[in-house]
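S.K.: I have a structure here, written as structure tokens, and I will follow up with some questions on it.
2 protein chains.
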Amino acid sequence: LGESALIERIAARIGPAPRGETWSGDDAAVLPFSGRTILYTTDVMVEGVDFDRAYCSGTDVGFKSVAINASDIAAMGGAPRHAVAALSLPPETSVSFVDAMVDGVVEASKRWSIGVAGGDISRAHEVSMAMAMIGAPFGDAVVHRSGAKAGDALCVTGHLGGAGGGLKALSRGIDVTGSAALAGLAARHLRPSARVVEAKRLCELHPTAMIDVSDGLAVDLWHLMDASGTGCDVDPAAVPVDPRLAELADLLSDDTIDPLDLALLGGEDFELLFRIDPDKVGRAQTALAELGCAVTRLGSVTENVSERRIGDHDLEELKEAGWDHLRTG
Amino acid sequence: LGESALIERIAARIGPAPRGETWSGDDAAVLPFSGRTILYTTDVMVEGVDFDRAYCSGTDVGFKSVAINASDIAAMGGAPRHAVAALSLPPETSVSFVDAMVDGVVEASKRWSIGVAGGDISRAHEVSMAMAMIGAPFGDAVVHRSGAKAGDALCVTGHLGGAGGGLKALSRGIDVTGSAALAGLAARHLRPSARVVEAKRLCELHPTAMIDVSDGLAVDLWHLMDASGTGCDVDPAAVPVDPRLAELADLLSDDTIDPLDLALLGGEDFELLFRIDPDKVGRAQTALAELGCAVTRLGSVTENVSERRIGDHDLEELKEAGWDHLRTG
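Chains as they are written, first to last, in the numbering used here: chain A, 4 to 332; chain B, 4 to 332.
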């Protein structure tokens, strides 16, 4: 079974959430608490699967662990508040590596005003960090994946494919330090940003649905469409491909680096994919431009559920090619 | 570095909690949220370290993961509410083992009314489950480890040493099924109970401090004394040693199974160790007797910080011999 099939199987075994709560199936769980709402998520990073110590420092791992959880909370329209972390360490792990992981956690948690409230430690064959995070909605309402309707504009923040390109460069041992473009791509993989501030500004414009792009645009777009039973029509020429991927493609001319493929399937860009009233796209672009973040309209939400397309490509087929922890080697 | 030294090092690097919050150093973090309080904890269980698949079923692992987190929340004087779980699986893990883990999580979460609100999956060399749990205080106040004063009675629920004895029996391949006593000890290791209902009743009597006995009485008693700067005088004859350990000691007569040692150092009994006004000990015993749970007075809290003793044994020395994930093999 692949990761997504296994998650569906587990969710079915656990059963549905009671009325008023959201459990699996969104970026974070939504739980009522004392008249307000708690957002709650977890992400685990395992050495050799989610990071490679050949090119990821301890600081990178710690930073990224916070960022990917914070991104999930932001994608629900909320501010991350507190994290707890469970750390598994091989007995031979150096104290300096652990110190570096903690420094990365501290750096990221300061950046997004998150308290690191507790943790646990055990031994394992590889380093892993499982972090859980709670947060609270910016405004009155949570932004689910569902809830959009035909006619909505589909938009995404920033650029896509950079993290996938950075991973390709790093995993092939390319020295990225000599080129600002390559170093920038590498940083997208090693130290992703969580669009917390950007999500807060967007929420003032009431997007109807939102998700973070963690599995690749094709997969996450499919999730967004699936959650509210709509189709979509996306123009591949509109996809904001990270411009730095051109340099990587030139460098690896022997190989088939297609920047658009990386943007659609690379994953881990942690941009916000959202649906909004078409009349508000301009305001979203202006608001986020002040934060140095682009907003690109990719296309539109359509009524036709059987038509979920990026240009000529069917999303269902594209997502099968996407990132899947349990199947990719 | 051992586990506790590493945790202290990490906590120092993260820095102190802001006023009004408790981070590390107690059974769970205490966080203000919307005029109320969230309790927040995490525990990770790793195959080969925290459980052995030779004698722990998937259901055992899932059940215990919920129980040990719920125990931490209960020991703060609160009800566990919602969990998220990060699961790491070797690619060859059978679907039936994963199903069993989930069934164990579901069984335990139903028992203590906990919603399993989300999760994540990755690959690893061994099975591990990192669970985080949030809860809310039963009453107005949280019960910290600190806050007790000289003259308080020191009490513990249930019996001690059973989980350590069960682990010894199982790890030596003893067939426990033929003896109710041995099977009972094994169950203490495999399917620990969280004293959630008992904690709720105790909290009506306002214990001044509480901790769950996860590392062994000696270690957890030391933590409780250290947190509020007091000494203690505990009578070893008063320690409620699990009576079923006698049968195990007989069986392993070639070895040195000392039931009292297991009670002091075995760990994972997940009983509640608490301090209470001496006049209320009888009421605590009556209240918990209705739940089928014994309450034993172990001794008293004293003013003399330099005297933390169980009979002739100094707690500081005893705790050095206690359970430590990173040093025990």
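Idealized CB from N, CA, C, for every residue including glycine.
1) Applying a beta-carbon distance threshold of less than 8 Å, which residues of chain A neighbour V52 (chain B)?
2) Using 8 Å as the threshold, is the region 36-53 of chain B in touch with the region 129-136 of chain B, meaning 3 or more CB pairs across them?
3) Could you please give me the residues that DSSP links to E50 (chain B) through a beta bridge?
4) If we define contact as Cβ-Cβ less than 8 Å, is R39 (chain A) a contact residue for chain B?
5) In the DSSP assignment, the alpha helix (DSSP H) including D229 (chain A) goes from what residue to what residue?
6) Within its chain, find whatever has a CB closer than 7 Å to the CB of T331 (chain A); leave out the 5 residues flanking it on each side and keep chain order.
7) Among B:E319, B:M104, B:N72, which one has its Cα closest to the Cα of I117 (chain B)?
8) Pull up the distance between the alpha-carbon of P93 (chain A) and that of R148 (chain A), whole angstroms please.
9) Can you tell me where the alpha helix (DSSP H) holding H192 (chain B) begins and where it ends?
10) Need the endpoints of the alpha helix (DSSP H) that S112 (chain B) sits in, please.
11) Can you tell me which of B:S174, B:E6, B:A144, B:D215 puts its alpha carbon nearest to the alpha carbon of L208 (chain B)?
12) Using C-beta distances below 6 Å, list every residue in its chain close to Y58 (chain A), excluding the 5 sequence neighbours before and after it, in chain order.
13) Buried or exposed: which applies to S344 (chain B), given that a residue is buried once 16 or more other Cβ atoms fall within 10 Å of its Cβ?
14) Terminal residues of the continuous beta strand (DSSP E) containing S131 (chain A)?
15) For V119 (chain B) and D253 (chain B), I'd like the C-alpha separation in whole angstroms.
16) Alpha carbon to alpha carbon, how far is G107 (chain B) from F66 (chain B)? Give it in angstroms, no decimals.
17) So what does DSSP say about L157 (chain B), is it helix, strand or coil?
18) Output needed in chain order: residues of the region 132-151 of chain B with a Cβ under 7 Å from some Cβ in chain A.
19) Give me the Cα-Cα distance between R247 (chain B) and G165 (chain B), rounded to the nearest whole angstrom.
20) Starting from the C-beta of A186 (chain B), find all residues in its chain whose C-beta is less than 7 Å away, skip the five residues before and the five after it, and write them out in chain order.
21) Between which two residues does the beta strand (DSSP E) containing V242 (chain A) stretch?
22) Between W26 (chain B) and chain A, is the shortest Cβ-Cβ distance under 8 Å, so that the two count as touching?
23) How long is the line joining the alpha carbons of D282 (chain A) and P243 (chain A), rounded to whole angstroms?
24) Taking E6 (chain A) as the query, report the chain B residues whose CB atoms sit under 7 Å from its CB, ordered along the chain.
25) Which residues in chain B have a C-beta closer than 8 Å to the C-beta of T62 (chain A)? List them in chain order.
26) Going by DSSP, which residues form a beta bridge with G234 (chain A)?
27) Ends of the beta strand (DSSP E) at R311 (chain B)?
28) Is there a Cβ of chain A sitting closer than 8 Å to that of A103 (chain B), yes or no?
29) With 16 other CB atoms within 10 Å as the buried threshold, where does P210 (chain A) fall?
30) Hey, could you find the ends of the alpha helix (DSSP H) I71 (chain A) is sitting in?
M.R.: By the coordinates alone:
1) As a first step, residue 52 (chain B) is located in the second sequence; it is residue number 49 there, counting from the start. Here the neighbours are S125, R126, A127.
2) Of all C-beta pairs linking the region 36-53 of chain B to the region 129-136 of chain B, three or more are shorter than 8 Å, placing the two stretches in contact.
3) Walking along the second sequence from the start, residue 50 (chain B) turns up at place 47. Looking at the DSSP assignment, E50 (chain B) forms a beta bridge with B:F54.
4) Translated into positions along the first sequence, residue 39 (chain A) becomes position 36. Yes, contact with chain B.
5) Counting from one through the first sequence, the residue named residue 229 (chain A) turns up at place 226. D229 (chain A) -> alpha helix (DSSP H) spans 220-231.
6) As a working mapping, residue 331 (chain A) is identified with position 328 in the first sequence. Model confidence at T331 (chain A) stands at a pLDDT of 37, short of 50, so the residue's coordinates are unreliable; what they give is reported in the following sentence. The beta carbon of T331 (chain A) lies closer than 7 Å to none in the same chain, with the five residues before and after it left out.
7) The residue you call residue 117 (chain B) lines up with position 114 of the second sequence. Taking only the C-alpha atoms, the option nearest I117 (chain B) is B:N72.
8) The sequence position of residue 93 (chain A) within the first sequence is 90, counting from 1. The sequence position of residue 148 (chain A) within the first sequence is 145, counting from 1. P93 (chain A) and R148 (chain A): Cα-Cα distance of roughly 38 Å.
9) Along the second sequence, read from residue 1 onward, the residue named residue 192 (chain B) stands at position 189. Where H192 (chain B) is concerned, the enclosing alpha helix (DSSP H) stretches over 183-193.
10) Walking along the second sequence from the start, residue 112 (chain B) turns up at place 109. Under the DSSP assignment, S112 (chain B) falls in the alpha helix (DSSP H) whose first and last residues are 98-114.
11) As a first step, residue 208 (chain B) is located in the second sequence; it is residue number 205 there, counting from the start. That would be B:A144, whose Cα lies nearest to the Cα of L208 (chain B).
12) Looking up residue 58 (chain A) in the first sequence gives position 55. Its chain contains L173 as the residues whose beta carbon lies nearer than 6 Å to that of Y58 (chain A), once the 5 sequence neighbours on both sides are disregarded; these appear in chain order.
13) In the structure as shown, chain B begins at 4 and stops at 332. Residue 344 (chain B) is therefore absent and cannot be evaluated.
14) The residue labelled residue 131 (chain A) in the question sits at position 128 within the first sequence. 131-140 is the span of the beta strand (DSSP E), which, as asked, contains S131 (chain A).
15) Counting from one through the second sequence, the residue named residue 119 (chain B) turns up at place 116. Counting from one through the second sequence, the residue named residue 253 (chain B) turns up at place 250. The C-alpha of D253 (chain B) is placed about 42 Å away from the C-alpha of V119 (chain B).
16) Position 63 of the second sequence holds residue 66 (chain B). Position 104 of the second sequence holds residue 107 (chain B). Those two C-alpha atoms are separated by around 4 Å.
17) As a working note, residue 157 (chain B) is residue 154 in the second sequence. Note: L157 (chain B) maps to strand in three-state DSSP.
18) Result list: A133, A135, I137.
19) Walking along the second sequence from the start, residue 247 (chain B) turns up at place 244. Walking along the second sequence from the start, residue 165 (chain B) turns up at place 162. The C-alpha of R247 (chain B) lies about 7 Å from the C-alpha of G165 (chain B).
20) To locate residue 186 (chain B), count along the second sequence from 1; it is residue 183. V179, T180.
21) Indexing the first sequence from 1 puts residue 242 (chain A) at position 239. No beta strand (DSSP E) holds V242 (chain A); DSSP gives it neither H nor E.
22) Within the second sequence, residue 26 (chain B) is the residue found at index 23, counting from 1. Residue-level contact check: W26 (chain B) touches chain A, since one or more beta carbons of chain A fall below 8 Å from its beta carbon.
23) Working through the first sequence from its first residue, we reach residue 282 (chain A) at position 279. Working through the first sequence from its first residue, we reach residue 243 (chain A) at position 240. Near 21 Å, if we compare the C-alpha coordinates of P243 (chain A) and D282 (chain A).
24) On the first sequence, residue 6 (chain A) is found 3 positions in, with the first residue counted as 1. Here the neighbours are I124.
25) Along the first sequence, one-based indexing puts residue 62 (chain A) at 59. Chain B residues near T62 (chain A): none, gap ~12 Å exceeds 8 Å.
26) Start at 1 with the first residue of the first sequence, and residue 234 (chain A) comes out as number 231. A:T305.
27) Counting from one through the second sequence, the residue named residue 311 (chain B) turns up at place 308. Segment 311-313, the beta strand (DSSP E) holding R311 (chain B).
28) Along the second sequence, read from residue 1 onward, the residue named residue 103 (chain B) stands at position 100. By the rule that beta-carbons nearer than 8 Å mark a contact, A103 (chain B) does not touch chain A.
29) Counting from 1 along the first sequence, the entry for residue 210 (chain A) is found at position 207. The C-beta of P210 (chain A) has 16 or more other C-beta atoms within 10 Å across all chains shown, which makes the residue buried.
30) Looking up residue 71 (chain A) in the first sequence gives position 68. Boundaries of the alpha helix (DSSP H) around I71 (chain A): 61-77.
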